[in-house]
Every structure is written in structure tokens, then in C-alpha cells.
Ligand SMILES: Cc1ncc(COP(=O)(O)O)c(C=O)c1O
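Numbering (the numbering used here), first residue to last: 2 to 381.
See the structure below:
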């Protein structure tokens with residue numbers, strides 16, 4: 002979340018510098034006019050910071066586009082099935098449907114992410130990809146999910162859009178499977194206004210992804226783009242140089258974003274001790290990105306009191322329940338009119354009890370201690 006909160010003169014200068022350095026806003030070509038290839042540089046920096054071992058990092062126009070590009074690079078299409086989780090954002094589902102594939106929803110576990118056991122039971126001959134989503138900054142059970150993917154020879158696409166900076170066994174999410182996806186939209190840990198990145202483990206997948214996001218261009222070195230060849234039927238999901246330059250500045254701020262978020266998150270973790278409030282589960286060995294602190298409250302009256310406190314104090318409750326409809330498959334009858342199956346219903350029942358407390362760096366640690374103390378005072 003905090004990316005937008007830390008925007009200042011540095012981002013402004015980075016963009017105005019493009020005007021002074023040849024006014025090239027396109028990621029390709031115009032070699033003599035430009036001093037930088039901002040998108041390409043941003044990709045290299047993302048790779049260095051988050052996953053040097055991945056074969057390729059590709060910047061695209063959004064997180065939604067990155068998911069679609071990953072699925073297209075894998076050749077997912079009509080009649081295939083892609084498994085993802087019921088606590089999600091509609092974008093992931095839209096990207097799957099846009100390839101022509103059908104969506105299969107899993108239930109969630111105590112992390113509120115994909116339940117590995119349920120995933121295994123839903124795999125069929127038609128399954129072509131698995132998309133666990135690290136919702137609200139907490140990693141899914143990736144060790145088990147990757148193991149299931151490997152055993153069944155099904156690639157895993159980690160949707161890390163909401164979890165930039167979270168880790169599993171010391172490694173950043175987004176670099177743990179065949180593909181990883183980041184979003185840089187305006188509500189994410191790092192923002193470029195709109196934008197996304199796709200991490201590919203295999204060189205061949207990365208190559209397909211690059212071609213697909215750029216009308217199929219092979220971008221053969223030393224050959225003008227006009228004479229270039231198409232490697233496949235693609236689309237335009239390119240990132241602009243404005244976003245690339247913006248992203249490089251945000252990435253430099255990322256260590257302080259993470260550090261400041263962590264302090265606020267820990268203040269809530271330490272200071273909320275209400276007997277009727279449970280914390281979201283984080284697996285040992287995994288680390289959230291401290292973007293959101295999620296609590297669960299069985300009693301409806303108490304829950305509503307906490308929600309009202311958070312709204313009055315200007316925190317809001319993000320996806321749970323402020324934007325519940327957009328983040329739970331239970332509400333997506335426009336996707337499938339029979340969507341309310343046992344997995345989806347079980348996810349809805351669990352999420353109904355949850356309240357998300359956003360971590361904002363514009364709020365002080367004192368503000369977080371105060372809201373924790375006010376929450377402790379609530380009684381039904
Ligand atoms: C889990 C998840 N997946 C995908 C997306 C799509 O990202 P974008 O908004 O960059 O298209 C989002 C954005 O909110 C998201 O939260």
C-alpha cells in the first residue's frame with residue numbers, strides 16, 4: 002500500500018528528466034535520441050533485488066497483464082483449466098478467462114490463501130496452471146503448492162501482486178515458482194501508477210512472454226523493429242518509459258517502505274490482546290510484507306465495533322470488508338452462475354469474520370498503538 006504515500010520530488014524529477022533527455026517515452030529503439038532505457042533498467046534492478054536466479058523479469062502495463070502474459074507464454078487456452086483460490090482479486094480470474102480457459106476455485110487455509118490439500122483434490126487432466134495468490138501480503142503455503150505442481154507436472158504462477166517484499170524461507174515471493182507476478186498499481190508497496198512485472202524461471206518461458214507482450218516481436222538485436230519478425234500472435238502489454246523511470250525511484254525507497262511498515266505491523270501484533278480477536282496465521286519460515294494486518298472476530302457485534310473504530314480513525318478496512326465483493330469468488334456470479342460451491346462458500350464464511358487493518362506509513366506508530374488500545378477496549 003505505501004508506495005503512493007512516499008511519492009515526492011524524486012519521482013517528479015525522474016519523469017521531467019525524460020523531457021530533458023530526448024523525450025523518448027517508448028521502451029524500444031530511438032537509440033540516438035535517448036540516454037536511458039528506463040523500462041529495461043527497471044527490469045534489471047527488480048531482478049537484482051527480488052530474484053537474481055530467475056531467467057527473466059519483464060515489465061508490463063499492469064499486474065493483470067502480467068498474469069495473462071504468463072498464461073499465454075505457457076500456451077493456456079480454450080478448454081483448459083486454471084486453478085486459483087477463492088480469496089483473490091477479480092483481475093486474476095479475468096486474466097484466466099481472457100485466455101479462453103476455465104477457472105477452478107480452491108478453498109483457503111489459515112493463511113487465508115490457497116489450501117494445498119484442497120488444491121490437490123481439484124487437479125484434473127485439464128489443469129494447465131496453478132495460481133496461488135499471496136493475499137494482503139502474507140505468503141501462501143508455497144513449499145507444498147510447488148511440490149504438488151511438480152508432482153503433477155503443472156506450472157505454478159505466483160500472484161505476488163499484493164505481496165512485494167514478502168518472503169518464504171528467506172526468498173522473496175514472486176521468485177519461488179515457474180512464474181511470479183507483481184503489480185505496481187496505485188495501491189501497492191511500489192507503484193508506477195499502473196504497471197506490473199513478470200518473473201520467469203525458464204529462459205524459454207521468458208522469451209515467449211517478451212514476444213507475447215509486444216505484438217509477437219522477437220526484437221532481434223541490430224535489426225530495426227520495422228524489419229523484425231513475429232514469433233507468435235501477441236498483444237500490446239508494454240510498460241512506458243514514464244512508469245519505468247518512476248519505478249526505479251520507488252524501488253530505491255523500498256527498503257524504507259518495508260522497514261516502516263514492519264514497525265507499524267509489529268505495533269499492532271504486540272499491542273492487540275483482546276481475548277475474542279485472533280490473528281491471521283503466518284507459516285513459520287515465511288514473512289509477510291507488512292502491508293496489512295488481518296484479524297478475525299467471530300462475534301458480529303464486536304466485529305462491527307472494530308470496523309467502525311477503524312473507519313472513524315481514518316484507517317478503513319481495505320479488502321475486508323471495505324471491498325469484500327471484489328475479493329471473494331462468492332460474489333462473482335457474473336463469472337459463473339453456479340459459483341457458490343462448497344470451496345467458495347467455505348472461503349466466504351471464513352472471510353466474513355475477518356477485518357483488515359491497512360498499514361500506512363503516513364500514520365505514526367503511536368497511531369497504531371492507539372487504535373490497538375481502542376480495539377482492546379471494545380466489548381460486545
Ligand atoms: C491479487 C491481485 N492480483 C492481480 C491484481 C492486478 O493488478 P493490476 O491492478 O496491476 O492490474 C491485483 C491488483 O489489485 C491484485 O490485488
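Heads up, the beta-carbon is just placed ideally off N, CA and C, and yes, glycines get one too.
Cβ-based neighbour list, residue i, same chain, cut-off 6 Å, excluding 5 preceding and 5 following
i	result
residue 168	288
residue 92	65
residue 393	Outside the shown range of the chain (2 to 381) lies residue 393, about which nothing can therefore be said.
residue 102	77, 81, 83
residue 326	332
residue 297	279, 354, 355
residue 97	83, 104
residue 23	34, 35
Of the listed residues the options, nearest to residue i (C-alpha basis)
i	options	result
residue 252	10, 36, 44	44
residue 160	171, 153, 148, 143	143
residue 238	126, 325, 216, 282	216
residue 178	233, 145, 123, 208	145
residue 305	286, 329, 282, 278	278
residue 247	266, 204, 186, 182	186
residue 272	309, 371, 231, 113	371
residue 268	110, 373, 33	373
residue 312	266, 115, 256, 376	376
residue 122	50, 89, 85, 136	85
residue 153	136, 127, 171, 341	127
residue 111	342, 136, 315, 50	136
residue 343	87, 5, 18	87
residue 113	147, 329, 52, 184	329
residue 1	230, 188, 235	Nothing can be reported for residue 1, as the shown portion of the chain is limited to 2 through 381.
Under the three-state DSSP convention, the category residue i falls into
i	result
residue 279	strand
residue 272	helix
residue 237	strand
residue 313	helix
residue 187	coil
residue 257	helix
residue 46	helix
residue 1	The structure shown does not extend to residue 1, since the chain is modelled only from 2 through 381, so no value can be given for it.
residue 4	helix
residue 348	helix
Separation of residue j from residue i, as counted between CA atoms
i	j	result
residue 117	residue 149	8 Å
residue 249	residue 359	25 Å
residue 134	residue 381	34 Å
residue 100	residue 69	7 Å
residue 303	residue 379	7 Å
residue 81	residue 336	16 Å
residue 12	residue 31	23 Å
residue 174	residue 108	21 Å
residue 366	residue 264	7 Å
residue 245	residue 218	20 Å
residue 196	residue 40	11 Å
residue 10	residue 192	15 Å
residue 261	residue 194	21 Å
residue 35	residue 3	31 Å
residue 60	residue 284	30 Å
residue 324	residue 221	44 Å
residue 276	residue 368	22 Å
residue 319	residue 348	18 Å
residue 105	residue 233	28 Å
residue 25	residue 42	15 Å
residue 385	residue 190	This structure cannot speak to residue 385, because the chain is shown only from 2 to 381.
residue 300	residue 151	41 Å
residue 180	residue 115	17 Å
residue 258	residue 309	27 Å
residue 18	residue 211	27 Å
Chain-order list of residues whose beta-carbon lies under 7 Å from that of residue i (same chain, five-residue window excluded)
i	result
residue 130	72, 75, 77, 83, 155, 156, 158
residue 321	295, 352, 355, 356, 357
residue 55	48, 176, 200, 201, 202
residue 138	163, 164, 167, 289, 290, 291, 292, 293
residue 16	243, 246, 247
residue 125	82
residue 254	7
residue 314	372
Sequence-distant residues of the same chain with beta carbon closer than 8 Å to residue i, five excluded per side
i	result
residue 226	29, 30, 218, 220
Whole alpha helix (DSSP H) elements within the region 64–99, 4-residue minimum:
64–74, 91–99
What residue ranges within the region 152–176 form continuous beta strand (DSSP E) runs of no fewer than 3 residues, ordered along the chain?
158–160
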